[in-house]
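Working notes, structure below.
Residue numbers (the numbering used here): 37 to 503.
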């Protein structure tokens with residue numbers, strides 16, 4: 037059979053395990069806003085403490101994504117790593133819901149991050165080892181769709197639970213029950229993975245995949261999880277000591293500054309919604325939900341925009357839009373006109389956060405193509421590994437800095453500094469030659485033929501987006 041002949045994307049039964057990620061994504065959608073809200077209301081944590089808790093999971097995930105990925109390369113069975121990751125994640129979330137001290141709450145978030153780290157690199161390798169190469173783009177795109185739908189559904193479940201099911205019980209009890217539900221969904225993901233995953237019959241060397249552009253896009257920017265299936269962060273630990281070109285260094289420096297700015301805004305964001313804007317818990321879920329839905333809906337169109345224009349141009353325009361939106365989050369006429377905690381103010385903030393989700397759809401698509409065209413094929417694996425590492429470090433710094441500034445100088449100055457930081461990061465991109473990133477004419481012709489467009493491997497889960 038000619039491999040160029042279109043074939044159904046159902047060559048085996050093993051692809052059913054993709055859908056183990058659906059309850060996992062739903063679980064993540066529930067837990068992302070709920071973790072900081074529960075810390076605020078059950079333990080009375082300050083904004084800075086909340087951001088430390090939010091970052092706790094990520095701090096353990098960054099190194100253990102590399103550890104689990106490398107360990108799975110040396111052990112014969114990938115299936116058990118993935119199933120174990122799902123089950124341990126679910127158990128950790130249930131224990132987080134049942135914890136009674138702030139210290140145990142913090143450490144269980146660290147454990148949850150450690151457990152969930154294995155689902156990133158091992159999920160990718162399982163996909164690549166059980167599917168033929170020509171199906172990889174469609175399959176990784178399916179992962180992105182599953183993640184987007186699952187996250188949005190999870191936020192919707194949280195909204196219905198807090199607004200209807202738990203309306204007549206103490207709010208902390210309702211939130212703890214919702215978090216237990218999140219953990220049970222992650223356990224369900226483990227059961228599905230156990231039933232449907234088939235061990236690969238061949239093994240792939242991770243180094244041999246250094247030139248693969250990971251097509252999985254993040255739907256919701258958050259520091260808590262890295263649900264992108266990142267191969268390239270592992271490649272970073274094995275790279276050669278060759279000198280990095282100056283313009284790549286400039287791009288990565290800009291990326292670090294941008295991630296700091298993104299999470300200076302989004303680190304204390306749930307505290308801003310609940311304590312400053314005085315929204316109900318259901319209102320916080322609404323603000324998260326609209327951003328997730330907007331990102332999911334716009335990813336395809338963002339790919340077309342990047343295809344028709346320069347990635348650098350789309351990147352800079354999206355950054356400009358994000359700076360303007362952050363300024364609009366500051367204390368302006370709508371806060372006085374509508375009143376704190378009012379439905380009208382919730383609608384205003386939700387529209388702003390939905391637009392932040394729109395900017396994220398374009399940022400996450402354009403940023404990777406910006407870098408990929410900058411470094412070329414030979415340096416792609418190393419560059420994407422550095423992309424992930426720099427973005428992760430910047431996001432962690434931004435989250436903690438945002439929480440500290442929120443407490444010490446107030447939300448408006450903190451958010452103003454976040455906007456300035458993003459503007460500085462965008463200005464650092466300007467010296468990079470524009471013509472380097474113009475799409476070849478041949479690639480422009482791909483529009484409308486269903487061919488995939490490479491997109492960001494990691495910024496999903498990272499800093500700065502539509503939470």
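Beta carbons are placed, not taken as given, at the ideal position from N, Cα and C, and that holds for glycine.
Assigned secondary structure, residue i (DSSP; H/G/I helix, E/B strand, else coil)
i: residue 129; result: helix
i: residue 303; result: coil
i: residue 22; result: Look at the range of the chain in this structure, 37 to 503, and you will see that residue 22 is not part of it.
i: residue 404; result: helix
i: residue 59; result: helix
i: residue 440; result: helix
i: residue 136; result: coil
i: residue 222; result: helix
i: residue 235; result: coil
i: residue 80; result: coil
i: residue 467; result: coil
i: residue 393; result: helix
i: residue 230; result: helix
i: residue 281; result: coil
i: residue 143; result: helix
i: residue 446; result: coil
i: residue 206; result: coil
i: residue 53; result: helix
i: residue 367; result: coil
CB contact flag (residue i, residue j, <9 Å)
i: residue 393; j: residue 327; result: yes
i: residue 373; j: residue 451; result: no
i: residue 387; j: residue 315; result: no
i: residue 79; j: residue 138; result: yes
i: residue 382; j: residue 323; result: yes
i: residue 290; j: residue 465; result: yes
i: residue 321; j: residue 198; result: yes
i: residue 130; j: residue 219; result: yes
i: residue 182; j: residue 325; result: no
i: residue 405; j: residue 467; result: no
i: residue 230; j: residue 76; result: no
i: residue 462; j: residue 352; result: yes
i: residue 146; j: residue 92; result: yes
i: residue 359; j: residue 458; result: yes
i: residue 318; j: residue 377; result: no
i: residue 232; j: residue 53; result: yes
i: residue 72; j: residue 306; result: yes
i: residue 288; j: residue 422; result: yes
i: residue 293; j: residue 90; result: no
Contacts around residue i, its chain only, beta-carbon distance under 8 Å, and the 5 residues preceding and following it disregarded
i: residue 350; result: 338, 341, 342, 398, 401 and 402
i: residue 443; result: 82, 83 and 84
Same chain, Cβ closer than 6 Å to residue i, neighbours up to 5 away in sequence not counted
i: residue 437; result: 300
i: residue 141; result: 135
i: residue 158; result: 108, 114, 117 and 118
i: residue 480; result: The predicted model places residue 480 with a pLDDT of 44, which falls under 50 and marks its position as unreliable; any figure quoted below should be read in that light. Contacts found: none.
i: residue 361; result: 388, 391 and 392
i: residue 74; result: 211
i: residue 56; result: 225, 228 and 229
i: residue 371; result: none
i: residue 143; result: none
i: residue 380; result: 374
i: residue 357; result: 395
Beta-carbon contacts of residue i that lie in its chain and below 7 Å, excluding the five residues immediately before and after
i: residue 308; result: 447
i: residue 151; result: 121, 124, 125 and 128
i: residue 133; result: 212, 215, 216 and 219
i: residue 364; result: 388
i: residue 196; result: none
Cβ-heavy atom distance, residue i to the ligand MN, below 8 Å
i: residue 139; result: Of the ligands one can find in the structure shown there are none, so the ligand MN has no counterpart to examine.
Using 8 Å as the cut-off, can you tell me whether the region 65 to 78 makes contact with the region 186 to 202, which would need three or more C-beta pairs spanning the two stretches below that distance? yes
For the 8 Å Cβ check, are there 3 or more pairs between the region 212 to 228 and the region 123 to 136? Flag = yes, the region 212 to 228 and the region 123 to 136 touch.
Tell me, please, whether the region 289 to 308 touches the region 431 to 444 by the rule of three or more beta-carbon pairs shorter than 8 Å. The region 289 to 308 is in contact with the region 431 to 444.
Taking contact to mean 3 or more Cβ pairs, one atom from each stretch, closer than 8 Å, check whether the region 79 to 86 and the region 201 to 215 are in contact. no
Using 8 Å as the cut-off, can you tell me whether the region 329 to 336 makes contact with the region 197 to 205, which would need three or more C-beta pairs spanning the two stretches below that distance? In short, these stretches do not touch, since the Cβ pair count stays below three.
At what residue ranges does the region 314 to 361 contain a whole run of the alpha helix (DSSP H), taking only runs of 4 or more? 317 to 344
Which whole runs of the alpha helix (DSSP H) in the region 145 to 201 are 4 residues long or more, in chain order? Taking only runs of at least 4 residues, the alpha helix (DSSP H) segments lying wholly in the region 145 to 201 are 155 to 166 and 172 to 196.
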